[in-house]
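Under the working numbering, read the sequence shown as residues 1477 to 2036, first letter to last. Following: one structure in structure tokens, then a few remarks.
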Amino acid sequence: MKSKNTFSFGTRSEILRNASQTHYVLLIIGGGITGAGISLDASLRGLKTMLVEMQDFAAGTSSRSTKLVHGGLRYLEQMELGLVKEVGREREIVHTNAAHIVIPEKMILPIIEGGSLGKITTSVALTIYDYLAGVKKEEHRRMLSKEETLEKVPLIDEKLLKGGALYYEYKTDDSRLTIEVLKKAHEYGAQAVNYTKVDSFIYNENRQVVGVEVTDMINGQKIKIYADTIVNATGPWVDDLRLFDNSLKGKRIHHTKGVHIVINKKRFPLNHALYFDTGDNRMIFAIPRTDIVYIGTTDTDYKGNFESPDITKKDVQYLLDWVNRLMPSLNLIESDVTSAWAGLRPLIHEDGKAPSELSRKDEIFLSESGLISIAGGKLTGYRTMAKKVLKIVTRRITTATGREFPKCQTRKMRLSGGEFPFYPETAKLIEYADQKYDEAKQTGITPEHFKRLFYRYGMNIDLITEKAFEFYNISKNSENAWLKAEIWYAVDYEMITSIEDFFIRRTGMFFFNVDEIIEKLDETAHCVQEFVSLNDTQINIQKENMKNQISHLSDFKQIS
Ligand SMILES: Cc1cc2nc3c(=O)[nH]c(=O)nc-3n(C[C@H](O)[C@H](O)[C@H](O)COP(=O)(O)OP(=O)(O)OC[C@H]3O[C@@H](n4cnc5c(N)ncnc54)[C@H](O)[C@@H]3O)c2cc1C
1477 MKSKNTFSFG
1487 TRSEILRNAS
1497 QTHYVLLIIG
1507 GGITGAGISL
1517 DASLRGLKTM
1527 LVEMQDFAAG
1537 TSSRSTKLVH
1547 GGLRYLEQME
1557 LGLVKEVGRE
1567 REIVHTNAAH
1577 IVIPEKMILP
1587 IIEGGSLGKI
1597 TTSVALTIYD
1607 YLAGVKKEEH
1617 RRMLSKEETL
1627 EKVPLIDEKL
1637 LKGGALYYEY
1647 KTDDSRLTIE
1657 VLKKAHEYGA
1667 QAVNYTKVDS
1677 FIYNENRQVV
1687 GVEVTDMING
1697 QKIKIYADTI
1707 VNATGPWVDD
1717 LRLFDNSLKG
1727 KRIHHTKGVH
1737 IVINKKRFPL
1747 NHALYFDTGD
1757 NRMIFAIPRT
1767 DIVYIGTTDT
1777 DYKGNFESPD
1787 ITKKDVQYLL
1797 DWVNRLMPSL
1807 NLIESDVTSA
1817 WAGLRPLIHE
1827 DGKAPSELSR
1837 KDEIFLSESG
1847 LISIAGGKLT
1857 GYRTMAKKVL
1867 KIVTRRITTA
1877 TGREFPKCQT
1887 RKMRLSGGEF
1897 PFYPETAKLI
1907 EYADQKYDEA
1917 KQTGITPEHF
1927 KRLFYRYGMN
1937 IDLITEKAFE
1947 FYNISKNSEN
1957 AWLKAEIWYA
1967 VDYEMITSIE
1977 DFFIRRTGMF
1987 FFNVDEIIEK
1997 LDETAHCVQE
2007 FVSLNDTQIN
2017 IQKENMKNQI
2027 SHLSDFKQIS
């Protein structure tokens, strides 16, 4: 099927062909949230921008986080007031710009016997947090009695509990947030390709970096791409690229690993998100989402493969132990874990500090070759990180050419799917979703299924609905028509190349609904084969790969 949209699998090769014949103002390496944010900011200021990602978009840390747009309450403890203020205030902006995927979530913070948080310290800390993060009045913290806390989370051990607090965070889907940022950047002229790896840099006679050599990981082709400025936004890989550039001096990245595990709600019937302290001075989230609860995270030093960090039995047991300690009646065991993921934090190394003590602040490294590298930071702070990078980029261009640029435009820029024709308050969103459902229900879709899609695609649901009608009119099979329409959208508007891209990063089903993947694998493979034009051997390899990944989901490594 020929694609009309240009952020699609159908136009991927063409984008790369054009890239080899174009001179860009800005080339970004890394298609996680940091690179995506830079691409959006740059395109809105009119810079000719290209982004290359060696895996799928968001396949690095940006699909492996706790999936919260949050103010980092924990950083208050470390007295990182500036960071709390910055990311805290960003929460509301990110929510307004992408209200379909950044949803307010009430969090319960239980105060427990022997824990590091007392009633008074919690109350004071949350009040400071509300002030620093500029929290809306209706979302200010509320202290809870022991009885009120138990009413909300009856699973907590009554003997341990002293009281609680209720405050707000926002939950998101990190990889969808990344793709929505990229799609909006694309609307404003930025180009981006996945599965395109930077192998080396190209320099001029003054040893200034002027381009990159890349490999198209799908067909092995090598091309050169040239740009005035190159930004290294490769998260955990930042130092690898600095090494290629011969500029790995001074501060380095300290990689720490964070593991999350997923438990079915039938085994862990939690209805309120929890943020609780462990006995080792850390905090853990337990977050309900559809039919599951996910728990995380660990924070340990990591040396090993960056693409798919190992999850060990020790990581899993650590999380289970703290949940079981707070809620002993659960008695969760390793075999209750249905899915899991591990992500790497690209933090800035500080001598003598333990992983959980390292700052989450972002940092920019400027190399003598002109390469700009950015690491650290938070998903939540992607917009302000981009702003800092663009300040350097635009200043350089203005100095060299006198060209002036507009100020940052991202604060009020709704992301793709977030362009609701109203201020996106929760009540209005619910009403709007109902209205959209009314327009779609003749295809036989259930309200629950439609709601899931509405909160995945926001305003872009209209395109999917139109396509679902088209398929439904032919097959009269509602389930099939909607799955096919969703895959069509993912190929034609979100550049998926495989079954894995769809199940892991465009829908999150791999983390949150493995059973549904098993049920829909054949049908999905059929649609991906048709829309991506794959032969039988290619699609069978993809299917086997997906099955393999599912069967290893809860195969945790014995090593410590
Ligand atoms: C366990 C955990 C929990 C977290 N929870 C939260 C949270 O709840 N909220 C929050 O705000 N933040 C959270 N964070 C932080 C947040 O996830 C990260 O700061 C953010 O995702 C980093 O994004 P990035 O784009 O810098 O890196 P990445 O997402 O890793 O992107 C870098 C990309 O560069 C690509 N790349 C590398 N080398 C090359 C090359 N040679 N050529 C082309 N491409 C290349 C990689 O494939 C990768 O996709 C969490 C982090 C972790 C680890």
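Glycine residues also receive a C-beta, built at the ideal position from the N, C-alpha and C atoms.
Item	Value
For residue 1630, which three-state DSSP category applies?	coil
By Cβ distance, which residues of its chain are closer than 7 Å to residue 1747, with the 5 residues on each side in sequence left out?	1764
Suppose only complete runs of 4+ residues qualify. What are the alpha helix (DSSP H) ranges in the stretch 1773 to 1853, listed by chain order?	1789 to 1802
For residue 1999, I'd like the list of residues in its chain whose CB is within less than 7 Å of its CB, leaving aside the five on either flank, ordered along the chain.	1956, 1959
Which whole-angstrom value is the C-beta distance of residue 1719 and residue 1710, which I expect to be below 8 Å?	Contact doesn't hold; Cβ gap of about 11 Å is too wide.
What first and last residue would you give for the alpha helix (DSSP H) that runs through residue 1648?	Here residue 1648 belongs to no alpha helix (DSSP H); instead the beta strand (DSSP E) covers 1637 to 1648.
For the putative contact between residue 1733 and residue 1820, defined by C-beta atoms under 8 Å, what is the C-beta separation to the nearest angstrom?	6 Å
In angstroms with no decimal places, state the Cα-to-Cα distance between residue 1969 and residue 1662.	10 Å
Who are the near neighbours of residue 1981 in its chain, counting only those whose CB is closer than 6 Å to its CB and skipping five residues on each side?	1532, 1534, 1539, 1651
Would you mind listing the beta strand (DSSP E) stretches within the stretch 1714 to 1749 that are 3+ residues and don't spill past its ends, in chain order?	1729 to 1740
State yes or no: is the C-beta of residue 1504 within less than 9 Å of the C-beta of residue 1491?	no
Using 8 Å as the cut-off, classify the Cβ of residue 1531 as near or not near the heavy atoms of ligand 1, replying yes or no.	yes
Below 8 Å, how does it come out for the stretch 1871 to 1880 and the stretch 1723 to 1739: are there three or more Cβ pairs, yes or no?	no
Is it buried or exposed for residue 1555, if we count other Cβ within 10 angstroms and need 16 for buried?	exposed
Can you list, in chain order, the residues of its chain with a C-beta nearer than 6 Å to that of residue 1570? Leave out the 5 residues immediately preceding and following it.	1545, 1578
How far does the alpha helix (DSSP H) with residue 1608 in it extend, from its first residue to its last?	1595 to 1608
Which residues mark the beginning and the end of the beta strand (DSSP E) in which residue 1708 is found?	1698 to 1708
Which of helix, strand or coil does DSSP assign to residue 1988?	helix
Could you tell me the alpha carbon to alpha carbon distance between residue 1852 and residue 1509, rounded to whole angstroms?	12 Å
Which of the three DSSP states, helix, strand or coil, is assigned to residue 1879?	coil
Compute the distance between the beta-carbons of residue 1610 and residue 1660, then report whether it is under 9 Å.	no
So residue 1967 is in the alpha helix (DSSP H); what residue range does that whole segment cover?	1954 to 1970
Looking at C-alpha atoms only, which residue of 1916, 1688, 1808, 1664 is the closest neighbour of residue 1674?	1688
What number of angstroms, rounded off, separates the C-alpha of residue 1831 from the C-alpha of residue 1910?	45 Å
Could you tell me the distance, in whole angstroms, from the CA atom of residue 1479 to the CA atom of residue 1803?	Caution applies to residue 1479, whose pLDDT of 38 falls short of 50 and renders its modelled position unreliable; the model cannot decide the point.
Assign residue 1859 to one of two classes, buried (16 or more other C-beta atoms within 10 Å of its C-beta) or exposed (fewer than that).	buried
Could you give the C-beta distance for residue 1649 and residue 1984, rounded to a whole number, given that I count them as a contact under 8 Å?	5 Å
What are the boundary residues of the alpha helix (DSSP H) that includes residue 2022?	2012 to 2027
Around the Cβ of residue 2018, are there at least 16 other Cβ atoms within 10 angstroms (buried) or fewer (exposed)?	buried
For the putative contact between residue 1785 and residue 1818, defined by C-beta atoms under 8 Å, what is the C-beta separation to the nearest angstrom?	4 Å
Name the DSSP beta bridge partners of residue 1528, please?	1505, 1669
What's the C-alpha gap between residue 1989 and residue 1799?	22 Å
Looking at residue 1687 and ligand 1, is the gap between the Cβ and the nearest heavy atom below 8 Å?	no
Quick check on this structure: which residue in 1684, 1527, 1641, 1521 has the alpha carbon closest to the alpha carbon of residue 1507?	1527
Check whether the Cβ of residue 1505 sits closer than 8 Å to any heavy atom of ligand 3, and report yes or no.	Because ligand 3 does not appear in the structure shown, any question about it cannot be addressed here, the ligands present being ligand 1.
Would residue 1705 and residue 1502 qualify as a contact pair, given that the criterion is a beta-carbon distance under 9 Å?	yes
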